[in-house]
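Each position in the sequence shown, counted from 1, maps to that position plus 8 in the working numbering.
Ideal Cβ positions, reconstructed from N, Cα and C, are used throughout, including at glycine.
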Amino acid sequence: MRRFLFQWQVISTRKKVEAIALVSLLVLGGLTLKPADRSNARSISASPNEREKVQATSTARILQRQKQERQIRPENYDFKQFPVEAEQEQHWKHLLWTTAIVEPKQPFVVEALNQILAMTVRSGLTDAQTRTVDMAMKVANQLYLGDPTFYSAIGQRFLDTIEQSQDPEWVAKSLSSLAKGGMQPSELQRLAEKTKSRFPQWSSNVVLQTTLMDIAHSADAQSLPPLKDLLKWEVADNQLHLYVLCRRDRRILCRAILKDRTGQWVRQDGKLWSVPLLLESIHGLSWNFTRGQTPQGIYRIESVVPAAEDEFFRAYGQFPLVNLFVPFEAGAKQFIPGTPGTFNGSLDQYQALLPSSWRTYRPLQQSYWAGKAGRSLFRIHGSGESADFFRGKDKNYPDSYNWNPTLGCLSAQELYSEKGKLIHADMPKILQALQMVGGKNFAGYLIVVDLPGDEKKPVALETLETVVASRPPKQKSPLARAGTMKRPRSARFSIGKAAPALKPVSFKQPDASKMSPQTVAIAPDRSTRLSDSPRSAAPANNQPMPKSPEIVPLTPLPLSY
């Protein structure tokens with residue numbers, strides 16, 4: 009999902025960067041890099057002659073920081089000069105995004121958000137006003153959760169929205185924000201019941217329905233089913249399976265492990281192949297909202313989106329993005345192998361894709377409901393931003409500091425030196441492993457699940473080794489068997505000799521989709537009102553079954569400071 013509202017077109021030399029920066033428009037870019045220790049910076053297979061990324065240099069980052077700080081001024085939040093109307097929509101779009109990045113604790117910022125959120129109870133808003141209020145609700149949630157005391161006025165606006173707004177999605181966001189902000193369960197349940205009375209057809213709006221479901225079940229959280237049942241399961245035969253195992257606190261890194269198309273675990277140096285990922289939403293929104301955290305559940309993997317042009321380098325980094333689809337999302341070639349198109353089935357049919365012990369486990373149904381609510385454009389990607397780009401990062405989580413949050417995607421680490429040279433990236437490792445086990449146009453499944461844990465540490469690899477050590481015969485979804493073909497079991501994948509680097513390819517980003525908002529109390533879900541660009545078509549997935557190549561380590565390169 010696109011993390012940038014617009015980008016600065018970069019010039020090739022540092023002098024030009026500095027000159028242009030003095031007169032360019034407001035920019036949403038990167039900040040100074042807090043480099044990783046040399047001992048922690050893994051090298052990747054890339055050309056030693058790779059050009060510098062000018063946008064990643066310390067000079068460019070410092071200039072961008074200065075520009076952002078100049079935006080956070082009282083006059084830019086002045087409603088007399090910049091009324092919330094169509095003519096000023098771009099101003100507020102850019103300013104609200106900068107507010108989300110910088111997280112300023114300024115009274116004039118609180119007052120501006122307070123005035124915009126007061127519009128949630130008004131009727132007859134224009135499309136432009138609705139989009140501005142949408143964005144303000146997301147940023148308000150982020151700031152309120154960061155400091156409920158300083159932003160207490162926003163909490164009151166959430167209460168006003170629940171009491172008076174005719175928009176079910178804004179009411180749902182307000183309920184969710186207060187719930188995540190620590191409201192007493194009894195008061196939260198009272199507000200939930202009042203919301204049901206105000207919206208008798210609440211179950212016809214997926215966003216409101218799922219929010220109320222989460223509140224209702226918050227007091228009786230389900231026990232986690234046996235993890236070994238999920239890890240031995242296969243959604244469909246002859247498909248790779250990428251498991252992303254997280255903590256419930258998404259500020260903690262998740263751990264990805266991989267099974268090949270024969271059901272064998274991919275290993276490196278005798279241990280499970282593993283990559284750390286961050287699945288945290290910059291806005292702190294729940295999984296059922298656009299720009300919210302990555303939902304748990306099943307995703308279809310279908311090849312890659314080519315690496316972005318320099319215009320979007322800061323958003324996605326320099327490598328191709330892994331293409332993911334949730335149920336109901338248009339564009340999937342075959343969500344179920346042998347059945348063309350996306351998954352449009354019932355909840356029962358989705359549950360049949362899971363092992364029997366997990367079918368009634370509500371959190372693993374999130375990707376189903378998120379897709380039904382209109383969420384889309386999930387990717388695994390890196391980032392061209394510096395580690396300190398988002399100012400609101402919680403420094404109590406130092407292990408994940410060098411990963412950037414997203415708007416719902418899965419974030420891989422990508423770090424650059426002060427000279428703009430790549431010093432560490434995990435996307436090549438991910439892409440290489442997926443291509444080695446699944447072929448050039450790889451396809452398979454991603455399963456995201458949160459696991460309990462009290463410490464601020466990722467799921468331990470040793471714990472997973474224990475779970476997968478004694479592996480009963482693999483099980484497959486009966487719904488997905490019909491369209492798959494048997495193949496002889498190949499040798500276990502393991503690390504071997506060096507392999508060629510994966511070269512990024514450029515593409516043109518499509519225009520953002522435009523959604524007309526509804527104005528009735530219970531309306532079709534509007535989760536995509538602020539949706540990003542339409543999905544780029546993925547390559548076809550009718551490739552022949554690959555032979556059994558070895559997964560090999562990436563060629564080491566010297567650190568480029």
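Residue range of the alpha helix (DSSP H) that includes F116: Numbered from 1 along the sequence shown, position 108 holds the residue referred to as residue 116. First-last of the alpha helix (DSSP H) with F116: 115-125.
Who are the near neighbours of E60 in its chain, counting only those whose CB is closer than 8 Å to its CB and skipping five residues on each side? Here the question's residue 60 lines up with position 52 in the sequence shown. These residues qualify, in order along the chain: K427, G428, K429.
I'd like to know whether the C-beta atoms of S289 and G300 end up nearer to each other than 8 Å. By 1-based counting over the sequence shown, the position of residue 289 is 281. By 1-based counting over the sequence shown, the position of residue 300 is 292. Contact: yes.
Please state the DSSP three-state secondary structure of V129. Taking the sequence shown and counting its residues from 1, one reaches residue 129 at position 121. Helix, per DSSP.
How would you call S66, buried or exposed, if buried means at least 16 neighbouring beta carbons within 10 angstroms? In the sequence shown, counting from the first residue as 1, residue 66 sits at position 58. S66 should be labelled buried.
Out of P284, D434, N404, W366, point me to the one whose CA is closest to D356's CA. Position 348 of the sequence shown, counted from the start, is the residue given in the question as residue 356. Taking only the C-alpha atoms, the option nearest D356 is W366.
Would S391 and R259 be called neighbours here (beta carbons separated by less than 8 Å)? Against the sequence shown, residue 391 aligns to sequence position 383. Against the sequence shown, residue 259 aligns to sequence position 251. Their beta carbons are not under 8 Å apart, which means S391 does not touch R259 by this criterion.
For H291, which residues in the same chain have their Cβ closer than 8 Å to its Cβ, ignoring the five residues on either side in sequence? Within the sequence shown, numbered from 1, the residue matching residue 291 stands at position 283. For H291, same chain residues with a beta-carbon under 8 Å away, outside a window of 5 residues either side, are A108, K146, V147, N149, Q150, R299, G300, L415 in chain order.
Specify, as a first and last residue, the run of the beta strand (DSSP E) that S263 falls within. In the sequence shown, the residue the question calls residue 263 occupies position 255. With the sequence shown as reference, residue 263 is identified as Arg, and Ser is not the correct amino acid for it. Bounds of the beta strand (DSSP E) holding R263 are 262-267.
In angstroms, rounded to a whole number, what distance separates the CA positions of A94 and E317? Looking up residue 94 in the sequence shown gives position 86. Looking up residue 317 in the sequence shown gives position 309. One C-alpha to the other measures close to 30 Å.
Residues near E422 in its chain [Cβ-Cβ closer than 6 Å; skip 5 each side]: Position 414 of the sequence shown holds residue 422. Excluding sequence positions up to five before and after E422, its CB lies within less than 6 Å of the CB of G325, G390, S391, A433, all in the same chain and listed in chain order.
Measure the alpha-carbon distance for L329 versus A441 and round it to whole angstroms. What you label residue 329 is simply residue 321 of the sequence shown in a count that begins at 1. What you label residue 441 is simply residue 433 of the sequence shown in a count that begins at 1. Their Cα atoms are separated by approximately 14 Å.
Please classify L469 as buried or exposed, where buried requires at least 16 other C-beta atoms within 10 Å of its C-beta. Counting from one through the sequence shown, the residue named residue 469 turns up at place 461. Label assigned to L469: exposed.
By a C-beta neighbour count over all protein chains shown, 10 Å radius and 16 as the cutoff for buried, is A338 buried or exposed? Here the question's residue 338 lines up with position 330 in the sequence shown. Exposed: under 16 other Cβ atoms inside 10 Å.
Close beta carbons around P552, own chain, < 7 Å, minus the five adjacent residues each side: For the purposes of this step, residue 552 is taken as the residue at position 544 of the sequence shown. The predicted position of P552 is uncertain, since its pLDDT is 39 and thus under 50; no value can be drawn from it.
Which same chain residues end up closer than 8 Å to I438 when comparing Cβ atoms and leaving out the 5 residues on each side of it in sequence? For this step, residue 438 is matched to residue 430 along the sequence shown. Correct list, in chain order: A264, V283, V330, I388, A420.
Any idea what DSSP makes of P284, helix, strand or coil? The sequence position of residue 284 within the sequence shown is 276, counting from 1. Note: P284 maps to strand in three-state DSSP.
Determine the closest residue to T474 out of K380, K401, K279, with distance taken between C-alpha atoms. In the sequence shown, the residue the question calls residue 474 occupies position 466. It is K279 whose Cα lies nearest to the Cα of T474.
Beta-carbon proximity list for D458, same chain, < 7 Å, skipping 5 on both sides: The residue you call residue 458 lines up with position 450 of the sequence shown. Correct list, in chain order: C254, R255, R256, Q304, P371.
Taking Cβ to Cβ, would you say V445 is nearer than 8 Å to V313? Taking the sequence shown and counting its residues from 1, one reaches residue 445 at position 437. Taking the sequence shown and counting its residues from 1, one reaches residue 313 at position 305. The answer is no: Cβ separation not under 8 Å.
Which same chain residues end up closer than 8 Å to T471 when comparing Cβ atoms and leaving out the 5 residues on each side of it in sequence? One-based indexing of the sequence shown puts residue 471 at position 463. Taking C-beta separations shorter than 8 Å and ignoring five residues to either side along the sequence, T471 has no partners in its chain.
To which residues of the same chain is Q247 closer than 7 Å at the C-beta, ignoring the five residues directly before and after it? For the purposes of this step, residue 247 is identified with residue 239 of the sequence shown, where counting begins at 1. Within the same chain, Cβ atoms closer than 7 Å to the Cβ of Q247 are found at R269, P345, A451, G452, Y453, the five residues on either side in sequence being excluded.
So for T536, helix, strand or coil by DSSP? For the purposes of this step, residue 536 is taken as the residue at position 528 of the sequence shown. Low confidence applies to T536: its pLDDT is 32, below 50, so where it sits in the model is not reliable, and the reading given next is rough at best. Note: T536 maps to coil in three-state DSSP.
Can you say whether G7 is buried or exposed, counting buried as having 16 or more other CB atoms within 10 angstroms of its CB? It is not possible to answer for residue 7, since the shown part of the chain is limited to 9 through 569.
Sub-8 Å separation of L125 and A144 beta-carbons: As a first step, residue 125 must be located in the sequence shown, where it is residue number 117. As a first step, residue 144 must be located in the sequence shown, where it is residue number 136. Going by C-beta atoms, L125 is nearer than 8 Å to A144.
H99 versus E319: straight-line alpha-carbon distance, rounded: By 1-based counting over the sequence shown, the position of residue 99 is 91. By 1-based counting over the sequence shown, the position of residue 319 is 311. Cα-Cα distance, rounded: 20 Å.
Closest by C-alpha distance to W105, when choosing among L239, Y85, P91: Reading the sequence shown from its first residue, position 97 is the one you call residue 105. Among L239, Y85, P91, the Cα nearest to that of W105 belongs to Y85.
By the three-class DSSP mapping on this structure, what secondary structure does N296 have? Taking the first residue of the sequence shown as 1, we reach residue 296 at position 288. Here N296 sits in coil by DSSP.
Do three or more CB pairs link the region 167-177 to the region 210-220 at distances below 8 Å? yes
Beta carbon of Q74, beta carbon of E83: below 8 Å? Mapped onto the sequence shown, residue 74 falls at position 66. Mapped onto the sequence shown, residue 83 falls at position 75. It is not a contact, given that the beta carbons lie outside the stated cut-off.
Tell me the DSSP secondary structure of T65 in three-state form. One-based indexing of the sequence shown puts residue 65 at position 57. If DSSP states are grouped into helix, strand and coil, T65 belongs with the strands.
Backbone secondary structure at T347 - three-state DSSP: Sequence index remark: in the sequence shown, residue 347 carries index 339 (1-based). Strand.
Do you know whose CA, among R383, S160, A395, lies nearest A64's CA? In the sequence shown, residue 64 corresponds to position 56, counting from 1. Nearest C-alpha to A64: A395.
For the putative contact between L261 and L235, defined by C-beta atoms under 8 Å, what is the C-beta separation to the nearest angstrom? As a position in the sequence shown, residue 261 is number 253, starting the count at 1. As a position in the sequence shown, residue 235 is number 227, starting the count at 1. Not confirmed; about 18 Å, so no contact.
For L186, which of G163, P115, T169 has the nearest alpha-carbon? By one-based count along the sequence shown, residue 186 stands at place 178. For the residues G163, P115, T169, the minimum Cα distance to L186 belongs to G163.
Counting C-beta neighbours from all protein chains within 10 Å, is the total for N352 16 or more, i.e. buried, or is it exposed? Translated into the one-based positions of the sequence shown, residue 352 becomes position 344. Result: exposed.
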